[in-house]
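S.K.: Numbering (this note's numbering), first residue to last: 304 to 396.
Even for Gly, the Cβ is constructed at its ideal location relative to N, Cα and C.
This one's a predicted model, so the numbers in the text were calculated from it and none came from an experiment.
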């Protein structure tokens with residue numbers, strides 16, 4: 304557990320959970336969540352997803368077969384505090 308007031312990201316996560324959650328709901332409000340990020344690092348097209356997320360893997364495969372250089376990072380198993388458990392699928396770009 305962390306001490307001190309919640310970070311901006313933690314507060315925003317609670318707001319989004321209120322709109323799309325609750326986390327781990329049997330019938331979530333969203334089927335697919337795209338979490339878009341920008342960065343100053345030169346990662347190119349990087350997709351982050353859960354190892355068991357078949358839809359996100361299909362998206363990565365489609366992009367790769369379309370000629371786009373795609374890198375994939377898999378989340379660790381379990382609830383990692385990201386939005387991944389708010390919808391049926393989540394893909395971070």
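Need the endpoints of the beta strand (DSSP E) that residue 374 sits in, please.
M.R.: Translated into positions along the chain shown, residue 374 becomes position 71. Start and end: 373-377.
S.K.: Considering only C-alpha positions, which residue in the set 324, 375, 369, 346 is nearest to residue 360?
M.R.: For the purposes of this step, residue 360 is taken as residue 57 along the chain shown, with counting starting at 1. The residue with the shortest Cα to Cα distance from residue 360 is 375.
S.K.: In whole angstroms, what separates the C-alpha of residue 322 from that of residue 354?
M.R.: Locating residue 322 in the chain shown gives position 19, counting from the first residue. Locating residue 354 in the chain shown gives position 51, counting from the first residue. Their backbone Cα atoms lie some 25 Å apart in a straight line.
S.K.: Please work out which residues of its chain come closer than 6 Å, Cβ to Cβ, to residue 345, disregarding the five sequence neighbours upstream and downstream, and give them in chain order.
M.R.: Within the chain shown, numbered from 1, the residue matching residue 345 stands at position 42. Hits under 6 Å: none found.
S.K.: So the beta strand (DSSP E) residue 338 belongs to, where does it begin and stop?
M.R.: For this step, residue 338 is matched to residue 35 along the chain shown. It spans 335-338 - the beta strand (DSSP E) in which residue 338 sits, taken as one unbroken run.
S.K.: Buried or exposed, going by whether 16 or more other CB atoms sit within 10 Å of the CB of residue 350?
M.R.: In the chain shown, the residue the question calls residue 350 occupies position 47. Flag for residue 350 reads buried.
S.K.: Could you compute how far the alpha carbon of residue 371 sits from the alpha carbon of residue 378?
M.R.: Numbered from its first residue, the chain shown carries residue 371 at position 68. Numbered from its first residue, the chain shown carries residue 378 at position 75. Computed Cα separation, rounded: 22 Å.
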